[in-house]
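Student:
Chains as they are written, first to last, in our numbering: chain A, 1 to 284; chain B, 285 to 661.
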């Protein structure tokens, strides 16, 4: 008995490196952002930064960031679900399954400046595909990669694979026996999905939606490389006040904007975690 | 056996993290360092020879955010090291003025804190009022015009240039010479700035220059924002941050940027891109950067020697070699120490640029932050 207790304590000690890591790279920065958000330049306490972050033009940035994150999360979730669904119907261990899961694993993390430049090189104004289509008589130069539509397209490039990765286990968890049981009891395919499959899939789907939303909301480098400030996303505004050559002495406004992001992304991730817990009840 | 090993590894990792988190702070300050840290001129240390000796003893100089292709800094750093045998660490070469201020604050007391800074004017003023800068007057102090230096010597202009229009002469057959020209339908999908004007100083200046061309003045930057809004609507403006790479790949056939960066790009890309540079006739806007010595420089003597070097005829001509206009240019022309060939290679300028005050600049920045994305997005 006593030995077991000691063993458990020692196991906890093994967790120390991870906890230290979290404290140094997540805890300390978060605390400094939160504290900074309520301080003025001289170090006194103030609500001025929060007020500025909640007013024009920064409020607008939160709205645009939310719009683009929600849009890419919804499209990504729907398309990703469809792909995952098609793949889960294919034979287990088959080539399609392997290709899609490997590709999703890689592409979900292909983001940032390299992704932006891949798109610019492909369908930018001087892009390979643009030129190639142009010489074939198809002019796509009217499509602007550098606007709202462009960011949406590029974000989907990593949102869809992420959705496939996240939702696939849930689809796999739907046992064929359940459908067989339902049809034995006289249920149609539609009834099965409406009464059994759908309700089971809803929590993981909503959870994945939250995760995708948080993923897009926190993305910075891709949008920064693509739009150069003409789409006012929150991370871009933070960069402008924290590490720019133009705004002076606004570090704490940056902290206040960061606090806003922490709250929004934190809420989305809490929603994801909650939905995951509900899913894990039947997914084993 | 196994468990105790995990434990040891865990503790080791914690210790390692703790030490990296604290950083290496060293208090290797000697008597001569203390003297250098408060020296307001070379004479305070007993003349140039004493300053050189003290700097050599330190052996290292920490600079920050100096790109090698910017205003001749690559050669300047190499030549300084060659001349005095002092090693230069250039931290974060592509960073910004705000990054420099952050580094001074956050690395205070550490060996790797910056010794000297190259700052945009508003950052120099704000750093001076926050007591982050040490007053120092170089030997050629009198050659810097009074309006371009802090009376106490906490900051002083070093080099500057004009907002210019660069274009690829192969793609652009009828070259633009003014901001008004940039609105022509020929230039659809071709006009770029050097970045986001709420973040990049050169892009901010580009908008300011456009405003001057479009009826704005030092108090009013809005016409410049509106101008780019129209360019965006007509499809002429592309929000690609121009760099030498985008110029080379043909993505930004017309680029608005500092003339010294454009001429430098033309030189680097010679044989690949026929890059030409003109200073627009309708919106003349010049701006200077500033040198400053960090008040908490870990190598105070080397920091001061670097300033002496930059403000010697060799250093000032070094800026000119990077196609930037050195602040002591007028005095050098008088004394005949300026390199004429280098001077003649600069784009021609006629007229005068306004130098907005800090209050005017601050107001303009607020207007840009509030309206840029709204108007141009």
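Glycine residues also receive a C-beta, built at the ideal position from the N, C-alpha and C atoms. For clarity, every value in this text was computed on a predicted model and none was experimentally measured.
(1) With DSSP run on the structure shown, which of helix, strand or coil describes residue 313 of chain B?
(2) Using a Cβ-Cβ distance cut-off of 8 Å, determine whether residue 249 of chain A contacts chain B.
(3) Nearest CA to the CA of residue 74 of chain A: which residue from A:155, A:246 and A:232?
(4) I'd like to know whether the C-beta atoms of residue 355 of chain B and residue 578 of chain B end up nearer to each other than 8 Å.
(5) If you compare alpha carbons, which of B:445, B:509, B:397 and B:359 is closest to residue 545 of chain B?
(6) Per DSSP, what kind of secondary structure is residue 306 of chain B in: helix, strand or coil?
(7) To test your reading of the DSSP string, which unbroken alpha helix (DSSP H) runs of 4 or more residues are found completely within the stretch 361-418 of chain B?
(8) Candidates A:108, A:175, A:225 and A:236: which alpha carbon is nearest residue 65 of chain A's?
(9) Closer than 8 Å, Cβ to Cβ, to anything on chain A: give me those residues from the stretch 512-531 of chain B, in chain order.
(10) Within 8 Å of any Cβ in chain A, is that where the Cβ of residue 358 of chain B sits?
(11) Return the residue from the list A:21, A:254 and A:105 that minimises the CA-CA distance to residue 51 of chain A.
(12) Decide yes or no for the touch test of the stretch 326-334 of chain B against the stretch 561-581 of chain B: beta carbon pairs closer than 8 Å, at least 3 of them.
(13) With a cut-off of 8 Å, does the C-beta of residue 40 of chain A fall near any C-beta of chain B?
(14) Are the beta-carbon atoms belonging to residue 649 of chain B and residue 246 of chain A less than 8 Å from one another?
(15) List, in chain order, every chain A residue whose beta-carbon is nearer than 7 Å to that of residue 534 of chain B.
(16) What in chain B is Cβ-close to residue 184 of chain A, meaning under 8 Å?
(17) Just curious, the alpha helix (DSSP H) that residue 105 of chain A is in, first and last residue?
(18) For chain A, check one thing: does any of its Cβ atoms lie closer than 8 Å to the Cβ of residue 306 of chain B?
(19) Using the beta-carbon count (16 or more within 10 Å), is residue 14 of chain A buried or exposed?
(20) Using the three-state DSSP reduction, which class does residue 20 of chain A fall into: helix, strand or coil?
(21) My output table needs one value for residue 502 of chain B: the three-state DSSP class, helix, strand or coil.
(22) From the DSSP output, read off the bridge partner residues of residue 541 of chain B.
(23) By Cβ distance below 6 Å, which residues in the same chain neighbour residue 83 of chain A in space, the five residues on each side in sequence not counted?
(24) If you follow the beta strand (DSSP E) that residue 655 of chain B is part of, which residue opens it and which one closes it?
(25) What residue does the beta strand (DSSP E) around residue 455 of chain B start on, and which one ends it?
(26) List, in order along the chain, the chain B residues whose C-beta lies closer than 7 Å to that of residue 56 of chain A?
(27) Would you report the Cα separation of residue 262 of chain A and residue 145 of chain A, rounded to the nearest angstrom?
(28) Would the stretch 343-360 of chain B and the stretch 371-383 of chain B be scored as touching if the rule is three or more Cβ pairs under 8 Å?
(29) Cβ of residue 400 of chain B less than 8 Å from any chain A Cβ?
(30) Establish whether the CB of residue 543 of chain B and some CB of chain A are separated by less than 8 Å.
(31) With a CB to CB cut of under 7 Å and the five nearest residues on each side skipped, what residues in its chain are close to residue 421 of chain B?
(32) Within the 8 Å Cβ cut-off, does residue 33 of chain A reach chain B?
(33) What's the call for residue 31 of chain A, buried or exposed, on a 16-neighbour Cβ count within 10 Å?
(34) Please name the residues in the stretch 201-212 of chain A whose beta-carbon is closer than 8 Å to at least one beta-carbon of chain B, in chain order.
(35) How is the alpha helix (DSSP H) around residue 78 of chain A delimited, first residue to last?
(36) If you measure between the beta carbons of residue 524 of chain B and residue 532 of chain B, is that distance less than 8 Å?
Tutor: Taking the structure as given:
(1) Indexing the second chain from 1 puts residue 313 of chain B at position 29. Reliability of the predicted coordinates at residue 313 of chain B is poor, the pLDDT of 45 falling under 50, and no value is obtained from them.
(2) Taking the first residue of the first chain as position 1, residue 249 of chain A is located at position 249. Chain B, which has a Cβ nearer than 8 Å to the Cβ of residue 249 of chain A, makes this yes.
(3) Position 74 of the first chain, counted from the first residue, corresponds to residue 74 of chain A. Here the closest residue by C-alpha is A:155.
(4) Mapped onto the second chain, residue 355 of chain B falls at position 71. Mapped onto the second chain, residue 578 of chain B falls at position 294. No, these two residues do not count as a Cβ contact at 8 Å.
(5) As a first step, residue 545 of chain B is located in the second chain; it is residue number 261 there, counting from the start. Taking only the C-alpha atoms, the option nearest residue 545 of chain B is B:445.
(6) For the purposes of this step, residue 306 of chain B is taken as the residue at position 22 of the second chain. Residue placement at residue 306 of chain B is flagged as unreliable, the pLDDT there being 43, under the threshold of 50; a coordinate-derived value is accordingly withheld.
(7) 381-390 and 405-413
(8) By 1-based counting over the first chain, the position of residue 65 of chain A is 65. Of A:108, A:175, A:225 and A:236, the residue nearest in Cα terms is A:236.
(9) 516, 522, 523, 524 and 525
(10) Counting from one through the second chain, the residue named residue 358 of chain B turns up at place 74. Residue 358 of chain B does not count as touching chain A.
(11) By 1-based counting over the first chain, the position of residue 51 of chain A is 51. Nearest of A:21, A:254 and A:105 to residue 51 of chain A, Cα basis: A:254.
(12) no
(13) As a first step, residue 40 of chain A is located in the first chain; it is residue number 40 there, counting from the start. No, no contact with chain B.
(14) To locate residue 649 of chain B, count along the second chain from 1; it is residue 365. To locate residue 246 of chain A, count along the first chain from 1; it is residue 246. Result yes, Cβ atoms of residue 649 of chain B and residue 246 of chain A sit closer than 8 Å.
(15) Here residue 534 of chain B refers to the residue found at position 250 when the second chain is read from its first residue. Per Cβ cutoff of 7 Å: 126.
(16) Within the first chain, numbered from 1, the residue matching residue 184 of chain A stands at position 184. Those do not exist, as residue 184 of chain A stays about 51 Å from chain B at its closest Cβ, beyond 8 Å.
(17) Position 105 of the first chain, counted from the start, is the residue given in the question as residue 105 of chain A. First-last of the alpha helix (DSSP H) with residue 105 of chain A: 95-107.
(18) In the second chain, residue 306 of chain B corresponds to position 22, counting from 1. At residue 306 of chain B, the pLDDT of 43 sits below 50, so the modelled position is not reliable; the number obtained from the coordinates is stated separately. Not an interface residue.
(19) Start at 1 with the first residue of the first chain, and residue 14 of chain A comes out as number 14. Per the 10 Å Cβ criterion, exposed.
(20) Residue numbering aside, residue 20 of chain A sits at position 20 when the first chain is read from its first letter. Reduced to three states, the DSSP call for residue 20 of chain A is helix.
(21) For this step, residue 502 of chain B is matched to residue 218 along the second chain. Coil at residue 502 of chain B, not helix or strand.
(22) Residue numbering aside, residue 541 of chain B sits at position 257 when the second chain is read from its first letter. Beta-bridge pairing links residue 541 of chain B to B:448.
(23) Locating residue 83 of chain A in the first chain gives position 83, where the first residue counts as 1. Cβ within range, chain order: 164.
(24) The residue you call residue 655 of chain B lines up with position 371 of the second chain. Run containing residue 655 of chain B: none in the beta strand (DSSP E); it sits in the alpha helix (DSSP H), 642-660.
(25) Position 171 of the second chain holds residue 455 of chain B. Taken as a continuous stretch (DSSP letters only), residue 455 of chain B belongs to no beta strand (DSSP E), as it is neither H nor E.
(26) Mapped onto the first chain, residue 56 of chain A falls at position 56. Chain B residues near residue 56 of chain A: 654.
(27) Locating residue 262 of chain A in the first chain gives position 262, counting from the first residue. Locating residue 145 of chain A in the first chain gives position 145, counting from the first residue. Going by the C-alpha atoms only, they are around 29 Å apart.
(28) yes
(29) In the second chain, residue 400 of chain B corresponds to position 116, counting from 1. Answer no: the Cβ-Cβ gap between residue 400 of chain B and chain A never drops below 8 Å.
(30) Stepping through the second chain from its first residue, residue 543 of chain B is reached at position 259. It does not; no Cβ of chain A falls within 8 Å.
(31) Position 137 of the second chain holds residue 421 of chain B. Same-chain partners within the cutoff: 324, 325 and 437.
(32) Working through the first chain from its first residue, we reach residue 33 of chain A at position 33. No, no contact with chain B.
(33) The count along the first chain starts at 1 and reaches residue 31 of chain A at position 31. It is exposed - the Cβ of residue 31 of chain A has fewer than 16 other Cβ atoms within 10 Å.
(34) none
(35) To locate residue 78 of chain A, count along the first chain from 1; it is residue 78. From DSSP, the alpha helix (DSSP H) with residue 78 of chain A extends over 58-88.
(36) The residue labelled residue 524 of chain B in the question sits at position 240 within the second chain. The residue labelled residue 532 of chain B in the question sits at position 248 within the second chain. Contact flag unset, no.
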